[in-house]
Amino acid sequence: MEYRPQEVEKKWSRRWAESRAYEVRPDSGKPKYYALDMFPYPSGSGLHVGHWRGYTISDVWSRYKTLQGYEVLHPMGWDAFGLPAENAAIKLGIHPAVSTARNVANFKRQLQEIGAMYDWSREINTSDPAFYKWTQFFFVKMFERGLAYRKKMPINWCPSCKTGLANEEVVDGCCERCGTEVTKRVMDQWMLKITAYADRLTDDLDKLDWPDKVKRMQRNWIGRSRGARIFFLVAGHADARIEVFTTRPDTLYGATYMVLAPEHPLVDQITTEAQRDAVDAYVKETLKKSAVARQVVDKTKTGVFTGAYAEHPLTGQQIPIWIADYVLMEYGTGAIMAVPAHDERDFEFAQAFGLPIVQVVAPETNGAGDSGQGRESGSGGFDGSVDASGWTTAVESGSAEAAAGTAAAVTGLYTGPGRLINSGPYDGLTVEEGKRAIVAALAERGIGEETVTYRMRDWVFARQRYWGEPIPIIYCDQCGTVPVPVEDLPVRLPDVERYEPTGTGESPLAAIDSFVHTTCPKCGGPARRETDTMPQWAGSSWYFLRYPDPHNDREPFSREAANEWLPVDMYIGGVEHAVLHLLYARFFTKVIHDLGMIDFDEPFQHLFNQGMMTLNGAKMSKSKGNVVNPDDIIATAGTDALRMYELFVGPPEEDAEWNDNGLEGVSRFLGRLYRFFDQHVEHPAPSRPELVKLRHRFVAQLTERMESFRLNTAVSAFMEYLNALQGVAGNGIDRESLETLAVTLAPFAPHLGEELWERLGHTESVFTAEWPSYDEQWLRDDEVEVAVQVNGRIRARLTISADATQESAIAAAKSNPDVAPWLEGKTVVKEIFVPGRLVNLVVRD
RNA sequence: GCCGGGGUGGCGGAAUCGGCAGACGCAGCAGACUUAAAAUCUGCCGGGGGUAUCCCCGUACGGGUUCGAGUCCCGUCCUCGGCACCA
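Just so we're aligned, residue 32 is where the first sequence starts under our numbering, counting upward by one.
Here it is in structure tokens:
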């Protein structure tokens, strides 16, 4: 009988649906396993085979876990708020809810084609008021805890999307979504205080079973940096104190000038009249530059002297204060002490403006430096001499007029470890000792302290857009900013006539009087609603908590259900969410934990990022026109073949190039397997050791490849096994071998697995069966082939007893006729025996 | 610039504990079946030389460690990803 995948697949998908086979049975008494896909944004273009890859991997894994005896929660839903639906609405006038519903229906149909064991009774949709009610609930909770706050600040603004963006959404100075260059705009914005969780977000990465790459990206993003805050007084301004952040307090004696960010609030106050015009012009110029121009294009150092001097906190020396755009207002304190001898950027700046460079760290040469006279010029990276008298020149040359080249000290740049020099009482200390000693001294005098700074900023949690969760806040003239009471949630998204953001940067909701005008929940007086909506990342920051209890209308989820199923055991999705979604979801989880609603504080125990599917070397995308449509593949090769090919194509974590021929190979394999089964299933042979051995080895190899997630090689294990079975099929195949094949195949090709299982006479689903185990005793061989090397080169192969001793193996090797000529006239000086693998004879003339 | 991943046959990839490089599949070649083709089955399939079953070379490139290196170390080149004046 020929294998007709379409018939088999239709039959089983119908049966699964009729028997509601994949609805989770929370009372099954089995151990729980939560396998989750990153839920999709239901776009208009539908799924291509690249999307299939992650879903296939997670489904194979879910079914594997089912066979291992777990009660598996494998749900699916829709991240349904978002700009594309809204942009389509603007263009075509179709309500986003309508187009979203249509896209969801199409996505759902396509996802069902995968033959996955999704429990559709738990389907969720972030744009459903029954869901976003709880997204708003969490916002209110955050507001109550001071984690959501409103702030007037310059935010990233996308002129094309006409909306604010979080830092995470700005890539190379451009909007992550549309690529338009981002500008700054000062606006009142709702912010979430994710920085309050910066330490926990960094530290808790340690306990997660995630790819190092993603952990590294998150750590980078959070950018925790330990250092010191140091205060500098400004000469002649008793009330002005400049605070700097530095990771190198040990180099304090090498600070020869200071730099403020052009936007720094003290700039105006301390600038001297003589310098005012130059400073004003520079500040104006800087503000005009876009983020791109300032950060990416050109790193040539520019800056202007303010005319003011700061007092060195330890030496009392006066050092000039400059402004320059290489110092960013957003990071640290917006001001630095410049140590050109030991910081690359300061070095460039000092060179450009002829500022003095004073060496205060000398590289250490073997054991030297204890004397405190660390003057020996070590070789490594130290390309200049030390001018011990640098301090005098420091002050004198510190004017704006100082021409390049007049600075006295000609010294190099050195950023490595070493010992302190030119640092008064601290000479001779190592860099690390110096940091501690100098910070301690500053702290004692109240002019500095140890501190930690982060690169990460608070999260701009508002969009001036329509298609999102309304921020549940009411402004009352009497009571101020009041959250909408939980019992009044959800704040529903009203219908609007037009979806365009307003020219003023307000959301379209601002134009709807019936929405804006409301009464204050506190005093009952007239009040206005917030008209901004939440960013697309809001719903996805907690949706995984909803699946265990998706229909709960009294709370976002029951504590018991959440604690029972979460953390997610296996979370599968693309690496593009490494910082955005995954960081936000971790943050929300920690907040919800702190609210006392759950017992865990990390949402995803194990994360797996599948690689992209490429066609002609490029990521598949509808806009590029290089997509392979799964519907076409299914119509010819069938779902099971496509699933297997998605795995076979390459290591699951690596990108893979689509190849029709590869699919063909897998398709042929399934046909071969089916015919083989068909041939033997009616009249199985009695068992025999040969078959038992093959079976145990197959199960061992397959299980090992599953456990190490080498799913591409798991598929080849099937091919190897079938090849081996066909080699011995002349004497018939036993039932046990066929059963093993059917069960193990089922996670990969579930329809065929069920069909074969049924042909074996079973009336229950193959997924009620158990993943087979294997016995070590069948993995051992009585005899093994070992390679015989002479001086590391293979000269013969030898079959010996598996438990042969070193002596007997070497004796056998030496007497082998193929080996003997290589030993003739030589002396064997060393004999190596690796049991089961090889013998190596080392000879000399 | 900094951090990280990766360079293996004509192709996708195996070998991740330092121990027989090229599993498995694709493509190709030869053969069987067929009136013929498709499908299916069998054999060969890194390069060079002998062409007999043997020898030499070979995992980006150059060195090194080791009895033995795709695997470890140093350097170089290429490539992909992240961050990018983060003090």
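We treat Cβ as the ideally placed atom computed from N, Cα and C, and that holds for glycine.
From a predicted model like this one, the values you see are computed outputs, not experimental measurements.
_For a test of the three-state rule: what should DSSP assign to Val865, helix, strand or coil?_
Counting from 1 along the first sequence, the entry for residue 865 is found at position 834. Strand.
*Hey, Leu694 and Leu673 are a contact pair by Cβ (cut 8 Å); roughly how many whole angstroms apart?*
As a working note, residue 694 is residue 663 in the first sequence. As a working note, residue 673 is residue 642 in the first sequence. Contact flag correct, Cβ pair sits at about 7 Å.
*asked:* Measuring only the C-alpha atoms, how far is Gly100 from Val797?
replied: Within the first sequence, numbered from 1, the residue matching residue 100 stands at position 69. Within the first sequence, numbered from 1, the residue matching residue 797 stands at position 766. Distance between the alpha carbons of Gly100 and Val797: 12 Å.
*If we ignore side chains and look at the alpha-carbon of each, how far apart do Gly338 and Glu375 end up?*
Numbered from 1 along the first sequence, position 307 holds the residue referred to as residue 338. Numbered from 1 along the first sequence, position 344 holds the residue referred to as residue 375. Looking at the two C-alpha atoms, the distance is approximately 24 Å.
_Assigned exposure category for Lys315 - 16 Cβ within 10 Å defines buried_ = Taking the first residue of the first sequence as position 1, residue 315 is located at position 284. Label assigned to Lys315: exposed.
*How many angstroms separate the CA atom of Val819 from the CA atom of Ile825?*
On the first sequence, position 788 is the one that residue 819 refers to. On the first sequence, position 794 is the one that residue 825 refers to. Each residue's alpha carbon lies about 6 Å from the other.
_Limits of the beta strand (DSSP E) - the one that Leu791 falls within_ = What you label residue 791 is simply residue 760 of the first sequence in a count that begins at 1. Premise fails: Leu791 is in no beta strand (DSSP E) and is neither H nor E.
_Using DSSP's beta-bridge definition, name the partner residues of Glu481._
Looking up residue 481 in the first sequence gives position 450. DSSP output for Glu481 lists Ala259 as bridge partner(s).
*Hey, Leu787 and Ala800 are a contact pair by Cβ (cut 8 Å); roughly how many whole angstroms apart?*
By 1-based counting over the first sequence, the position of residue 787 is 756. By 1-based counting over the first sequence, the position of residue 800 is 769. That pair is no contact at about 11 Å.
*So, do the segment 737-748 and the segment 764-773 have three or more beta carbon pairs nearer to each other than 8 Å?*
no
*How many Å lie between Thr166 and Thr287 at the Cα?*
Looking up residue 166 in the first sequence gives position 135. Looking up residue 287 in the first sequence gives position 256. Rounded to the nearest angstrom, the two C-alpha atoms are 52 Å apart.
*Between the C-alpha atoms of Val171 and Ala592, what's the straight-line distance to the nearest angstrom?*
Taking the first residue of the first sequence as position 1, residue 171 is located at position 140. Taking the first residue of the first sequence as position 1, residue 592 is located at position 561. Rounded to whole angstroms, Val171 to Ala592 spans 23 Å at the Cα level.
_I'd like the list of long-range same chain contacts for Pro516, defined as Cβ closer than 6 Å, with 5 residues on each side in sequence excluded._
Within the first sequence, residue 516 is the residue found at index 485, counting from 1. Cβ neighbours of Pro516 beyond the five flanking positions: Pro552.
*Sequence-distant residues of its chain with Cβ nearer than 8 Å to Leu776 (five each side left out)*: Mapped onto the first sequence, residue 776 falls at position 745. Result list for Leu776: Leu704, Phe749, Leu783, Gly784 and Leu787, in chain order.
*Per-residue burial, Arg279 [other beta carbons within 10 Å of its own, 16 or more giving buried]*: Here residue 279 refers to the residue found at position 248 of the first sequence. Per the 10 Å Cβ criterion, buried.
*Do Val491 and Ile186 have their CB atoms nearer than 9 Å?*
Within the first sequence, the letter at position 460 stands for residue 491. Within the first sequence, the letter at position 155 stands for residue 186. Yes, Cβ-Cβ distance for Val491 and Ile186 is below 9 Å.
*Are the CB atoms of Leu297 and Ala366 nearer to each other than 9 Å?*
Start at 1 with the first residue of the first sequence, and residue 297 comes out as number 266. Start at 1 with the first residue of the first sequence, and residue 366 comes out as number 335. Their beta carbons are under 9 Å apart, which means Leu297 touches Ala366 by this criterion.
*Return the CA-CA distance between Lys877 and Ala840, expressed in angstroms with no decimal places.*
Since the first residue of the chain shown is 32 and the last is 876, residue 877 is not available in this structure.
_As assigned by DSSP and simplified to three states, the class of Lys653_ = For the purposes of this step, residue 653 is taken as residue 622 along the first sequence, with counting starting at 1. Lys653: coil per DSSP, three-state reduction.
*Please specify which runs of the alpha helix (DSSP H), each continuous and at least 4 residues long, are wholly inside the segment 184-251, giving them in chain order.*
229-234
_Trp908 - DSSP class collapsed to helix/strand/coil_ = Residue 908 falls outside the range modelled here, since the chain spans only 32 to 876, and no answer is possible.
_DSSP three-state assignment for Val358, whether helix, strand or coil_ = What you label residue 358 is simply residue 327 of the first sequence in a count that begins at 1. If DSSP states are grouped into helix, strand and coil, Val358 belongs with coil.
*asked:* Using DSSP's beta-bridge definition, name the partner residues of Asn640.
replied: Here the question's residue 640 lines up with position 609 in the first sequence. DSSP, once it has assigned bridges, lists Gly604 as partnering Asn640.
*Using 8 Å as the Cβ pair cut-off and three pairs as the minimum, do the segment 590-607 and the segment 618-637 touch?*
yes
*Leaving out five residues before and five after Tyr95 in sequence, what residues of the same chain have Cβ atoms less than 8 Å from its Cβ?*
For the purposes of this step, residue 95 is identified with residue 64 of the first sequence, where counting begins at 1. Answer for Tyr95: Met737, Pro778 and Trp802, listed in chain order.
*In this structure, does DSSP put Gln349 in helix, strand or coil?*
Counted from its first residue, the first sequence places residue 349 at position 318. DSSP places Gln349 in strand when its eight states are reduced to three.
*Please name the residue in Ala227, Asp90, Phe112 and Ser652 whose C-alpha comes closest to that of Phe619.*
The residue labelled residue 619 in the question sits at position 588 within the first sequence. Measuring from the Cα of Phe619, the nearest candidate turns out to be Ala227.
*Pick from Ala355, Glu117 and Pro557: whose alpha carbon is nearest that of Ala309?*
Within the first sequence, the letter at position 278 stands for residue 309. Out of Ala355, Glu117 and Pro557, Ala355 has the C-alpha closest to the C-alpha of Ala309.
*To the nearest angstrom, report how far apart Tyr752 and Trp221 are at their CA atoms.*
Against the first sequence, residue 752 aligns to sequence position 721. Against the first sequence, residue 221 aligns to sequence position 190. Roughly 60 Å separates the two Cα atoms.
*Give a yes or no on whether the C-beta atoms belonging to Gly77 and Gln141 are separated by under 9 Å.*
By 1-based counting over the first sequence, the position of residue 77 is 46. By 1-based counting over the first sequence, the position of residue 141 is 110. Yes. Within cutoff.
*Near Glu342, what residues of its chain come up, given a Cβ to Cβ distance below 7 Å and the 5 sequence neighbours on each side ignored?*
Here residue 342 corresponds to residue number 311 of the first sequence, with the count starting at 1. Same-chain partners within the cutoff: Phe263, Leu264, Ala266 and Gln349.
*Pick helix, strand or coil for Glu814, following the three-state DSSP scheme.*
Here residue 814 corresponds to residue number 783 of the first sequence, with the count starting at 1. Note: Glu814 maps to strand in three-state DSSP.
*Three-state secondary structure (DSSP) at Ser76?*
Indexing the first sequence from 1 puts residue 76 at position 45. The answer is coil: DSSP assigns Ser76 none of H, G, I, E or B.
_Continuous alpha helix (DSSP H) stretch holding Asp311: start and end_ = Residue 311 sits at position 280 when you count from the first residue of the first sequence. Here the alpha helix (DSSP H) through Asp311 covers Glu304 to Lys319.
*asked:* Nearest by alpha-carbon distance to Thr331: which of Arg467, His624 and Asp377 is it?
replied: Here the question's residue 331 lines up with position 300 in the first sequence. The option with the nearest alpha carbon to Thr331 is Asp377.
*Output the distance between the C-alpha atoms of Gln757 and Glu33, rounded to the nearest integer angstrom.*
As a first step, residue 757 is located in the first sequence; it is residue number 726 there, counting from the start. As a first step, residue 33 is located in the first sequence; it is residue number 2 there, counting from the start. Each residue's Cα considered, the two are about 18 Å apart.
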